[in-house]
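Visitor: Letter by letter, the sequence shown follows residues 1 to 193 of full-length UniProt numbering. Here it is: the structure, laid out below.
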Amino acid sequence: MHAAHLANFLNIYICIFIYLFFFSLAVCHIVFTYLKYCLFTFLNRCSAKFLWKRIPNDIKEKSSFLQSLWNIGKAMWKKDTVAFHIAIQAVEWPLSIASIISAIKERYRLETIRVISEAYSALPLSHFANNLGFSLKEATDLVNQRGWDLRKPDPELSVIYVYPKKIVEPSEKVPENADYLTLLTNFVSFLEN
């Protein structure tokens, strides 16, 4: 949970940073600045939406990269994984932001894999591949790597199904009652002093 709070704090800080420096930069530098830092706000989709609304229309219209970036944001907002991967692959990203785009793409894929593992007991391989932006071979390799089943439910059908297994995340050690009691005692003691 601490990582999630830190990520949200970082996203808010970046939005404030972009907003404050927007007015101090020349217009030619603004497009690149928005393009580069707007990527970070996709981790917090709500902030990205409001950041998009604050960008002046003339800047939005001049930058094809900014438009492409917003298409990615819209796909994330709508949770349309297929449109997300199409939008990312439609553009040749500048080297300065390619690593950021790659990180967003990888994080989104991992989240999609987690959701699929929890939500589906079986789904067609083609659907699985489309949702991850993979070819059928890449999707098959991922299924095998994760130890999931891949088979035809009916020998007469040509459709191959993926049978995902729920991802087991390591759970945090739950403190014992004595630890909670010590923590509560220290807290009450602090409040009294």
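Positions of the beta carbon are idealized from the N, C-alpha and C atoms, including for glycine. As the structure is a prediction and not an experimental result, all values here were calculated from the model.
1. Going straight from the alpha carbon of F190 to that of L184, what length do you get?
2. Can you give me the Cβ contacts of V143 inside the same chain, cut-off strictly under 6 Å, excluding the 5 residues immediately before and after it?
3. Since T112 and L132 are thought to touch, with beta carbons under 8 Å apart, how far apart are those beta carbons, to the nearest angstrom?
4. Taking the C-alpha atoms as reference points, what is the distance between S99 and F65?
5. At what residue ranges does the segment 80 to 140 contain a whole run of the alpha helix (DSSP H), taking only runs of 4 or more?
6. Please classify I104 as buried or exposed, where buried requires at least 16 other C-beta atoms within 10 Å of its C-beta.
7. Using CA atoms only, rank isn't needed, just tell me which of E61, D154, I101 is closest to F84.
8. Bridge partners of D149, per DSSP?
9. For a test of the three-state rule: what should DSSP assign to D179, helix, strand or coil?
10. Beta-carbon within less than 7 Å of W148's beta-carbon, same chain only, minus the 5 sequence neighbours each way: which residues are those?
11. For a test of the three-state rule: what should DSSP assign to V168, helix, strand or coil?
12. Please look up how many angstroms separate the CB atoms of V91 and S63, rounded, as I've assumed it's under 8 Å.
13. Enumerate in chain order the residues of its own chain whose CB-to-CB distance from I116 is below 6 Å, with the five nearest sequence positions on each side excluded.
14. Going by the CB atoms, is the gap between V82 and residue 235 shorter than 8 Å?
15. What is the rounded straight-line gap between the Cα of D141 and the Cα of A129?
16. Taking C-alpha atoms, which residue in D80, M76, P153, E61 lies nearest to S47?
17. Considering only residues of the same chain and omitting the five flanking positions on each side of E118, which have a CB-CB separation below 8 Å?
Guide: On the basis of the supplied data:
1. Position 190 of the sequence shown holds residue 190. Position 184 of the sequence shown holds residue 184. The alpha-carbon atoms of F190 and L184 are separated by roughly 10 Å.
2. Counting from 1 along the sequence shown, the entry for residue 143 is found at position 143. If we look at V143 and ignore the five residues flanking it on each side, its Cβ neighbours are L150, V162.
3. In the sequence shown, the residue the question calls residue 112 occupies position 112. In the sequence shown, the residue the question calls residue 132 occupies position 132. Right, their Cβ atoms sit about 6 Å apart.
4. As a working note, residue 99 is residue 99 in the sequence shown. As a working note, residue 65 is residue 65 in the sequence shown. Cα to Cα, the separation comes out at about 15 Å.
5. 81 to 89, 95 to 119, 125 to 132
6. Locating residue 104 in the sequence shown gives position 104, counting from the first residue. Result: buried.
7. Taking the sequence shown and counting its residues from 1, the one referred to as residue 84 is at position 84. Here the closest residue by C-alpha is I101.
8. Indexing the sequence shown from 1 puts residue 149 at position 149. DSSP lists Y163 as partners of D149.
9. For the purposes of this step, residue 179 is taken as the residue at position 179 of the sequence shown. Reduced to three states, the DSSP call for D179 is helix.
10. As a working mapping, residue 148 is identified with position 148 in the sequence shown. Closer than 7 Å at the Cβ level, and outside the excluded window around W148, lie V162, Y163, P164, K165.
11. As a position in the sequence shown, residue 168 is number 168, starting the count at 1. Residue state, collapsed to three classes: coil.
12. The count along the sequence shown starts at 1 and reaches residue 91 at position 91. The count along the sequence shown starts at 1 and reaches residue 63 at position 63. Their Cβ separation, rounded to whole angstroms, is 12 Å, which puts V91 and S63 out of contact at 8 Å.
13. In the sequence shown, counting from the first residue as 1, residue 116 sits at position 116. Correct list, in chain order: P164.
14. For residue 235 there is no data in the structure shown, the boundaries of the chain being 1 and 193.
15. Your numbering for residue 141 matches position 141 in the sequence shown. Your numbering for residue 129 matches position 129 in the sequence shown. If I take the Cα positions, the gap works out to 11 Å.
16. Counting from 1 along the sequence shown, the entry for residue 47 is found at position 47. It is M76.
17. Reading the sequence shown from its first residue, position 118 is the one you call residue 118. Excluding positions up to five away in sequence, the list reads K166, I167.
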